[in-house]
Each structure stands twice: as structure tokens, then as C-alpha cells.
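Numbering (full-length UniProt numbering), first residue to last: 1 to 367.
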Amino acid sequence: MNRTEEITGPVEKSYQKSLLLFTFLFLGSYSTLFILFPFSYWRDYFNLPSHLMLLDVLTNIIFCAIILIVSLFIDRVLNRKISWMVNPVKRLIIQIIFQSFGALLVIIGLCIIYYMYGEYLTVTPPVKIGLRETFYTIISIILWALMVSALNTGDFLLKNWKNATIKAAEYKVKAAESKQIAAEIELQALKLQLDPHFVFNNLSVLSELILKDQQLGHEYTENFAKVYRYLLINSKKKLVHLHEELHFLHAYLFLIENRMGDGCTFHIDIDKSKLNMQIPPITLQLFIENALKHNRTEEENPLVVQIYSNDNDELVVSNTILPLIKKAPSTQIGLKNIIHRYALLSDRKVAIENNKETFTIKVPLIK
């Protein structure tokens, strides 16, 4: 849909609604006058020349248009000032007072015009209208103005109800998606906890370190425990502070560096002002795991991973591309989960860039 269609759509609907309200008011006013005025009035009226009858109809059209414009204007002003949703009783009372007062002002204004230019505007026979008919006419005009306002208000409330229903449905869908993605992330974290390769590799490294360097083995054990503790505590959370995720990442990278040696290097440069911002848990671990899975880690040409923040409140993870000779099968579930999670948590999107030399992921930091 282009910009012109976006603008003309609501305008056409508003025009159609106004036309329907005007038709309702015009026909209703004539029906009321036909009931209130005596038979002699209408007998003389229908004996008028056609051009005078046409002029009278045009006068009534102008009158109805003014009543409609005033009524809709009052509705718009009150919609901004006093919501039906917040205080319906107060809004109803004020609506009736303002609509009645507005209709009276229109009647008084037209009466002034008539008395000033009556000799030029008189198009009906000089039939005497009683005080009762005059009073009923004024009351009927006010009632028709209130009815127009009621119809417009009903349309307004119906639209709000439809919008609320749509938003509620969208919220339910997002909630269901959020639960599904959270379950997938939790399952992924559980797989990492129970992955026999992950456990076996770390235990193998640990046993070697204990034999070579007990202090380093002790540090390895502590970081191994930190990784598992973080996964157990935070895997179900929607968001964690960046400083918590980085604390976990340092422990995870300690395991990676001691397991892979000089085959990969990691550079972390995060602005301290960003540390209290938030990201979904295990995001960085997934990115590191993705980089290690799809690239070679050689001491002669190590894989370089950079993690830093930028001025756009984004966390950037970038790695050099060193393609495997035999590519590992990939479903990209981890990256897809992160993208879907951000779609539910923020209006900002995850950006992925691949220029054949570096693979870069930018994720928004949530305040």
C-alpha cells in the first residue's frame, strides 16, 4: 500500500460516515417537523412555487450541515479531553450539556440571521406557529443533535473495541510465540548443560590441567561451575543486564581459550555506560558458538572474534571468516531464536552482515 492509499482510505471512510450522519439528520428533522407542524402549514407549504420549496430545502440542508459540523467538532474536542474509557459518566454529562448548548447556539444564530434578513429569506407562507410547536421544534433539534452525537460516539467506541480486540489477539500471539521461543532457548541451554561432548571436552581439559598446573585447574573448575550456574539461573529469564551476560561470557571464554589454545582470540570492548542495559540471556554464548562451529581455529591463522558496543546502543559481535574445508550442517536455530526473541522484546531488529571477510551481528541493547 502506497502513501496516497494510506491517506485516502481513512479520508473516504470519514466522508462516508459524515454523509450517512447528514442523511440521517436531514430526513429525521423533516419527519419531526411534519409531525409537529399543523396540517394547514404543510397544505400552504406544498402550494408554494417550486423554486421557493427548493430554497427552503437548501436552507434546511445548510442548517443540518451546521448542526452536524458543530456536533462532530464537540465530539472530537471531548475525545481529546475526556475519554469514554476513563470516566464515562462524566463524559456523558458533559457531552449532553455541550451538545445541547451547541445546538442552541446554532438555533439562536440562525434566528438572528432570520430577523436581520427575514424579508429576503422568507420562503414559506405566513402561517402562525404556536408557542408549543416552537418549543417542541427546539427540543427536537437538540435531540437530533444528541442522536447524531450518539451515533458518532457509538462508531468511535466500536472502532476502539475492534482495535482493542485486535491488539489483544496480537498480544496473545506474541505471548504464545514468546513462550515457544523461551522454551526453545531453555531447551538449548539444557542441551548445553547435558551435551556429552561439552562435558567430556571440559572434563578432559580439566584432568590435563590438574596434572600440569593445579592452580589453573582450580580456576578452570570455578569457571566451569560459573557457566553452569548461569545457565541454570538465567535460562528462563527474558532479559538480563549486560554486565551479568559479560560475567558469564568471561567464564565461558576461559573454558574455550584453555581448550582451543591459540586457535582463537577474543577482544571485548564495552562502554561502561552500557553495562546496565539488557539483552536476552545466553545471546553472546550463541554467537560465539556459531563462530566456532563454522570456522577453522588454527594457531597459524587464529579465528578473531570482537565484541564491542557502538554509539547506537547496539552490541556488536564480529568474527573473521575462515571457512571449514568440510562445512558442518547448520539449521541456524540459534540465530533465528535470537532474531525472534528481539522481535518480541523490541521494535529494533537484529542486523546481520556478511562481507566474505567478516561475519557481523548487531543486537540492540534494551534500556
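Built from N, CA and C at the ideal position, the CB exists for glycine as well. All of these numbers come straight from a predicted model, not from anything done at the bench.
Sequence-distant residues of its chain with Cβ nearer than 8 Å to residue i (five each side left out)
{"i": "C64", "result": "F22, L25, F26 and S29"}
{"i": "L365", "result": "L242, K274, M277, Q278, I279, S309, D313, E314 and L315"}
{"i": "V205", "result": "Y220, L255, N258 and R259"}
{"i": "P126", "result": "Low per-residue confidence applies at P126: pLDDT is 47, beneath 50, and the placement is therefore not dependable, though the value from the model is reported in the following sentence. Excluding positions up to five away in sequence, the list is empty."}
{"i": "N152", "result": "K17, L21, S71, L72 and D75"}
{"i": "K356", "result": "I321"}
{"i": "L105", "result": "V70"}
Presumed contact (8 Å Cβ cut-off) between residue i and residue j, rounded CB distance
{"i": "V304", "j": "T320", "result": "5 Å"}
{"i": "L298", "j": "V363", "result": "With the sequence shown as reference, residue 298 is identified as Glu, and Leu is not the correct amino acid for it. Actually they are not in contact, since the Cβ atoms of E298 and V363 sit about 28 Å apart, beyond 8 Å."}
{"i": "S318", "j": "T358", "result": "5 Å"}
{"i": "L249", "j": "Q306", "result": "Contact doesn't hold; Cβ gap of about 13 Å is too wide."}
{"i": "A103", "j": "I141", "result": "6 Å"}
{"i": "Q99", "j": "A145", "result": "5 Å"}
{"i": "I97", "j": "R91", "result": "Rounded, the Cβ-Cβ distance is 11 Å, inconsistent with contact."}
{"i": "W84", "j": "L157", "result": "6 Å"}
Helix, strand or coil at residue i according to DSSP, with G and I counted as helix
{"i": "F266", "result": "strand"}
{"i": "L303", "result": "strand"}
{"i": "V240", "result": "strand"}
{"i": "S235", "result": "coil"}
{"i": "K327", "result": "coil"}
{"i": "A351", "result": "strand"}
{"i": "N295", "result": "strand"}
{"i": "L20", "result": "helix"}
{"i": "I279", "result": "strand"}
{"i": "S140", "result": "helix"}
{"i": "L55", "result": "helix"}
{"i": "V227", "result": "helix"}
{"i": "L322", "result": "coil"}
{"i": "K356", "result": "coil"}
{"i": "P49", "result": "coil"}
{"i": "M85", "result": "coil"}
Strand pairing of residue i, partner residues [DSSP]
{"i": "V316", "result": "Y308 and K362"}
Residues near residue i by beta carbon distance below 7 Å, same chain, minus five either side
{"i": "Q95", "result": "L78 and S149"}
{"i": "Y230", "result": "F248"}
{"i": "A169", "result": "none"}
Residue i Cβ short of 7 Å to the ligand MG heavy atom set
{"i": "I256", "result": "The model depicted lacks the ligand MG and carries no ligand whatsoever."}
Own chain partners of residue i with C-beta closer than 6 Å, once the 5 adjacent residues on each side are dropped
{"i": "T265", "result": "P302 and V304"}
{"i": "L216", "result": "L209"}
{"i": "I288", "result": "none"}
Exercise. Can we say the region 246-256 touches the region 213-225, given the rule of at least three CB pairs closer than 8 Å?
Worked result: yes
Exercise. Quick one: any contact between the region 345-354 and the region 287-301, if contact means 3 or more CB pairs under 8 Å?
Worked result: no
Problem set entry | Three-pair Cβ contact test at 8 Å for the region 264-282 versus the region 237-248 | yes
For this session: Report yes or no: do three or more beta-carbon pairs, one from the region 231-240 and one from the region 287-297, lie closer than 8 Å?
Result: no
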